[in-house]
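Here's the structure we're looking at; comments come further down.
Protein chains: 2
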Amino acid sequence: VPSAARFDGGVEWIHGDLSDRFVVRALVQSADYVFHLVSSSTPSTANLDPAGDVLENVIPTVHLLESCKSSAIKKLVFLSSGGTVYGIPSQVPIPETAPTNPISAHGIQKLALEKYFSLYHYLYGVDSVVLRVANPYGPMQVARKGQGVVAALISRALAGGPLEVWGSGDVVRDFIYIDDVIRAILQVGITNATDRLFNVGSGIGKCINDVVDDIETITRCGTLKRIWLAGRAVDVPINVLDIRRIQEATGWAPSVAWSEGLEKTISWMKNAAAKDVT
Amino acid sequence: VPSAARFDGGVEWIHGDLSDRFVVRALVQSADYVFHLVSSSTPSTANLDPAGDVLENVIPTVHLLESCKSSAIKKLVFLSSGGTVYGIPSQVPIPETAPTNPISAHGIQKLALEKYFSLYHYLYGVDSVVLRVANPYGPMQVARKGQGVVAALISRALAGGPLEVWGSGDVVRDFIYIDDVIRAILQVGITNATDRLFNVGSGIGKCINDVVDDIETITRCGTLKRIWLAGRAVDVPINVLDIRRIQEATGWAPSVAWSEGLEKTISWMKNAAAKDVT
Numbered sequence: 318v319p320s321a322a323r324f325d326g327g328v329e330w331i332h333g334d335l336s337d338r339f340v341v342r343a344l345v346q347s348a349d350y351v352f353h354l355v356s357s358s359t360p361s362t363a364n365l366d367p368a369g370d371v372l373e374n375v376i377p378t379v380h381l382l383e384s385c386k387s388s389a390i391k392k393l394v395f396l397s398s399g400g401t402v403y404g405i406p407s408q409v410p411i412p413e414t415a416p417t418n419p420i421s422a423h424g425i426q427k428l429a430l431e432k433y434f435s436l437y438h439y440l441y442g443v444d445s446v447v448l449r450v451a452n453p454y455g456p457m458q459v460a461r462k463g464q465g466v467v468a469a470l471i472s473r474a475l476a477g478g479p480l481e482v483w484g485s486g487d488v489v490r491d492f493i494y495i496d497d498v499i500r501a502i503l504q505v506g507i508t509n510a511t512d513r514l515f516n517v518g519s520g521i522g523k524c525i526n527d528v529v530d531d532i533e534t535i536t537r538c539g540t541l542k543r544i545w546l547a548g549r550a551v552d553v554p555i556n557v558l559d560i561r562r563i564q565e566a567t568g569w570a571p572s573v574a575w576s577e578g579l580e581k582t583i584s585w586m587k588n589a590a591a592k593d594v595t
Numbered sequence: 318v319p320s321a322a323r324f325d326g327g328v329e330w331i332h333g334d335l336s337d338r339f340v341v342r343a344l345v346q347s348a349d350y351v352f353h354l355v356s357s358s359t360p361s362t363a364n365l366d367p368a369g370d371v372l373e374n375v376i377p378t379v380h381l382l383e384s385c386k387s388s389a390i391k392k393l394v395f396l397s398s399g400g401t402v403y404g405i406p407s408q409v410p411i412p413e414t415a416p417t418n419p420i421s422a423h424g425i426q427k428l429a430l431e432k433y434f435s436l437y438h439y440l441y442g443v444d445s446v447v448l449r450v451a452n453p454y455g456p457m458q459v460a461r462k463g464q465g466v467v468a469a470l471i472s473r474a475l476a477g478g479p480l481e482v483w484g485s486g487d488v489v490r491d492f493i494y495i496d497d498v499i500r501a502i503l504q505v506g507i508t509n510a511t512d513r514l515f516n517v518g519s520g521i522g523k524c525i526n527d528v529v530d531d532i533e534t535i536t537r538c539g540t541l542k543r544i545w546l547a548g549r550a551v552d553v554p555i556n557v558l559d560i561r562r563i564q565e566a567t568g569w570a571p572s573v574a575w576s577e578g579l580e581k582t583i584s585w586m587k588n589a590a591a592k593d594v595t
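As you go down the protein sequences, you meet chains A and B in turn. Each residue of the first sequence is one higher than the last, beginning at 318 in the working numbering. Each residue of the second sequence is one higher than the last, beginning at 318 in the working numbering.
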């Protein structure tokens, strides 16, 4: 349960589970905008129980869409996974029109949900936008939840190492600072673009070894011990998103450079570590 | 419950539900080949309860795949829906590489399952083939189950009409005789083709009005009254499959022409009507 005290006033918190259809239905009825950011799985955990992943994510989200049919919401925004729905790309950067062949259950779950959002628009006019978000990083991303490699690596670096790298470290990812993701979410909420599916990333590829080097530099931890673990089956070798569609449709563009974002993240995590909230 | 008496000997029937994981697991353990032909929904029914459709079809099939991981099966064949996974096509005939944007929950469910079959091959080597079958018709397809427009129309024609046509009747479908579908299923069961996804159809488009005309001609029922109902949201305007991939990979080709297949179907249904099994 998140602590409401961490947030500014003016926000009404309702604690509940997405799979509680009645709570969700009641909330949707009184909402203008719905932002669906919840997932019970990550790329690495979903493969352990793909059926459970469907049960916990696909079914409750279809129920959410059912609720939206009979509501007056202006826009529904769903966060999909730009890092997993495409699978192993045949072109880089990857446009929204590229084939979608996920190599993880998480990616299949997200892809199926994208199709349901599209269906509910087609059949019932539920106005939605799907964002295929790359690898977000930044303050509030904590290491213990397995939400991202940047948080995990910074956390280990601040603890004096060692740094665990899956595979050879030449896996390439598209890291996007969290504030930029939030601006994209808000921007598509008010857009009237005809497209309903957008990549959200930096459009820039960065390999894990470079991420580790940059963290060492900015944390001034010196050179830390690196442990090379076996590559994970769920990890595609490269994922960099083509972000021209959202740029052209909404004017959104990433505004926080990697070095700046990484400094802010490290600074937040040092503070958080001092307060023991990571 | 089907009547075993209708079938030749040498077949062991086990009655059970796909959602019974333990029955399915036991069967898979003793099987060489698994053919998954079950669906609890049709294109028109799935939209009424998309979440139930996921619960009844996606989850049990993912459990089936889990069972196959630890089995010695040689091949798993899954029947997907060539008529719904593509949605409204941008090219006709539709190749396997075309975009997949279903406009029915049934199509999304099948598409998601296709991705899980691919995933289990990628991660665990479960050897599977997915067939995107067009509109099968032929003996044993009964009108009351809503499985196909051909059976429904013949049944009405033999009862003296009227014939119900959804929309203007210019919707185009790819009808494939059931014996040809069965040959395709058996053929891909023993193939070693590298492709794991094949369209199965006649490759020929036929509009519903022509189907009605042909049924009137062959049944010699004369001109029957036609009732034009509102078009259905789930119906794409045209669906004709490009079948070159399976032809090149396995040598399979449709062998029963439409007129011959329709005659056989009408003849079977007349007999069945006499015995009251439709």
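Ideal Cβ placement from N, Cα and C applies to all residues, glycine included.
Of the residues A:Thr-582, A:Thr-567, A:Lys-427, the one placed nearest Ala-574 of chain A, counting alpha carbons only
Numbered from 1 along the first sequence, position 257 holds the residue referred to as residue 574 of chain A. Considering only alpha carbons, the answer is A:Thr-582.
Starting from the beta carbon of Leu-428 of chain A, find every residue of chain B whose beta carbon is closer than 7 Å, and list them in chain order.
Here residue 428 of chain A refers to the residue found at position 111 of the first sequence. Residues of chain B whose Cβ lies closer than 7 Å to the Cβ of Leu-428 of chain A are, in chain order, Lys-432.
Looking only at its own chain, which residues have a Cβ that is under 7 Å from the Cβ of Lys-587 of chain B, when we skip the five neighbours before and after it?
Residue numbering aside, residue 587 of chain B sits at position 270 when the second sequence is read from its first letter. Counting only Cβ-Cβ distances below 7 Å, and skipping sequence neighbours, we find Leu-475.
Which residues DSSP lists as bridging Gly-404 of chain A, in chain order
Translated into the one-based positions of the first sequence, residue 404 of chain A becomes position 87. Paired residue(s): A:Asn-418.
Check the Cβ-Cβ distances between Pro-419 of chain A and every residue of chain B, and say whether any is below 8 Å.
As a working note, residue 419 of chain A is residue 102 in the first sequence. Yes, its Cβ sits closer than 8 Å to a Cβ of chain B.
If you count every other CB in all the chains shown that lies within 10 Å of the CB of Tyr-350 of chain B, and 16 or more means buried, which is it?
Taking the first residue of the second sequence as position 1, residue 350 of chain B is located at position 33. Classification of Tyr-350 of chain B: exposed, given that the 10 Å Cβ count is below 16.
Once DSSP output is grouped into helix, strand and coil, what is the label at Cys-524 of chain B?
If you number the second sequence from 1, residue 524 of chain B lands on position 207. Reduced to three states, the DSSP call for Cys-524 of chain B is strand.
Local Cβ density within 10 Å of Gly-568 of chain A, reported as buried at 16 or more and exposed below that
Numbered from its first residue, the first sequence carries residue 568 of chain A at position 251. With fewer than 16 other Cβ atoms inside 10 Å of its own Cβ, Gly-568 of chain A counts as exposed.
Which term fits Ile-563 of chain A, buried or exposed, when burial requires 16 or more other beta carbons within 10 angstroms of its beta carbon?
Working through the first sequence from its first residue, we reach residue 563 of chain A at position 246. When all chains shown are included, Ile-563 of chain A counts as buried.
Distance check for Thr-378 of chain B and Ala-451 of chain A, CA to CA, integer angstroms please.
In the first sequence, the residue the question calls residue 451 of chain A occupies position 134. In the second sequence, the residue the question calls residue 378 of chain B occupies position 61. Distance between the alpha carbons of Ala-451 of chain A and Thr-378 of chain B: 29 Å.
In the DSSP output, what is Val-489 of chain B paired with across the bridge?
Numbered from its first residue, the second sequence carries residue 489 of chain B at position 172. Per DSSP, B:Cys-524, B:Ile-555.
If we ignore side chains and look at the alpha-carbon of each, how far apart do Ser-572 of chain B and Asp-497 of chain B end up?
The count along the second sequence starts at 1 and reaches residue 572 of chain B at position 255. The count along the second sequence starts at 1 and reaches residue 497 of chain B at position 180. Approximately 7 Å, taken between the alpha carbons.
For a contact defined as C-beta to C-beta under 8 Å, what are the partners of Pro-571 of chain B on chain A?
Start at 1 with the first residue of the second sequence, and residue 571 of chain B comes out as number 254. At a beta-carbon threshold of 8 Å, none of the residues of chain A lie near Pro-571 of chain B; the nearest stands roughly 28 Å away.
Return the residue from the list A:Ile-521, A:Leu-470, A:Ala-510, A:Leu-514 that minimises the CA-CA distance to Trp-545 of chain A.
Within the first sequence, residue 545 of chain A is the residue found at index 228, counting from 1. The residue with the shortest Cα to Cα distance from Trp-545 of chain A is A:Leu-470.
Is any beta-carbon of chain B found at less than 8 Å from that of Val-379 of chain A?
By 1-based counting over the first sequence, the position of residue 379 of chain A is 62. Yes, contact with chain B.
Quick check on Val-375 of chain A - is its C-beta less than 8 Å from some C-beta in chain B?
Counted from its first residue, the first sequence places residue 375 of chain A at position 58. Yes, its Cβ sits closer than 8 Å to a Cβ of chain B.
Beta-carbon proximity of Gly-518 of chain A to Leu-579 of chain A, cut-off 8 Å:
The residue given as residue 518 of chain A occupies position 201 in the first sequence. The residue given as residue 579 of chain A occupies position 262 in the first sequence. In this structure, Leu-579 of chain A does not lie closer than 8 Å to Gly-518 of chain A by Cβ.
Assess, as a yes-or-no matter, whether the segment 378-390 of chain B is touched by the segment 401-420 of chain B under the definition of 3 or more beta carbon pairs within less than 8 Å.
Segment contact: the segment 401-420 of chain B against the segment 378-390 of chain B, fewer than three CB-CB distances shorter than 8 Å; contact not assigned.
Quick one: which chain A residues come within Cβ less than 7 Å of Tyr-439 of chain B?
The residue given as residue 439 of chain B occupies position 122 in the second sequence. The answer, in chain order, is Ile-420.
Is there at least one Cβ from chain A nearer than 8 Å to Leu-436 of chain B's Cβ?
For this step, residue 436 of chain B is matched to residue 119 along the second sequence. Closer than 8 Å: yes.
What number of angstroms, rounded off, separates the C-alpha of Ala-321 of chain A from the C-alpha of Arg-549 of chain A?
The count along the first sequence starts at 1 and reaches residue 321 of chain A at position 4. The count along the first sequence starts at 1 and reaches residue 549 of chain A at position 232. Its pLDDT being 46, under 50, Ala-321 of chain A is placed unreliably in this model, and the coordinates cannot settle the point.
Distance between beta carbons of Val-375 of chain B and Leu-335 of chain B, contact taken as under 8 Å:
Start at 1 with the first residue of the second sequence, and residue 335 of chain B comes out as number 18. Start at 1 with the first residue of the second sequence, and residue 375 of chain B comes out as number 58. That belief does not hold up - the Cβ atoms of Leu-335 of chain B and Val-375 of chain B are roughly 11 Å apart, past 8 Å.
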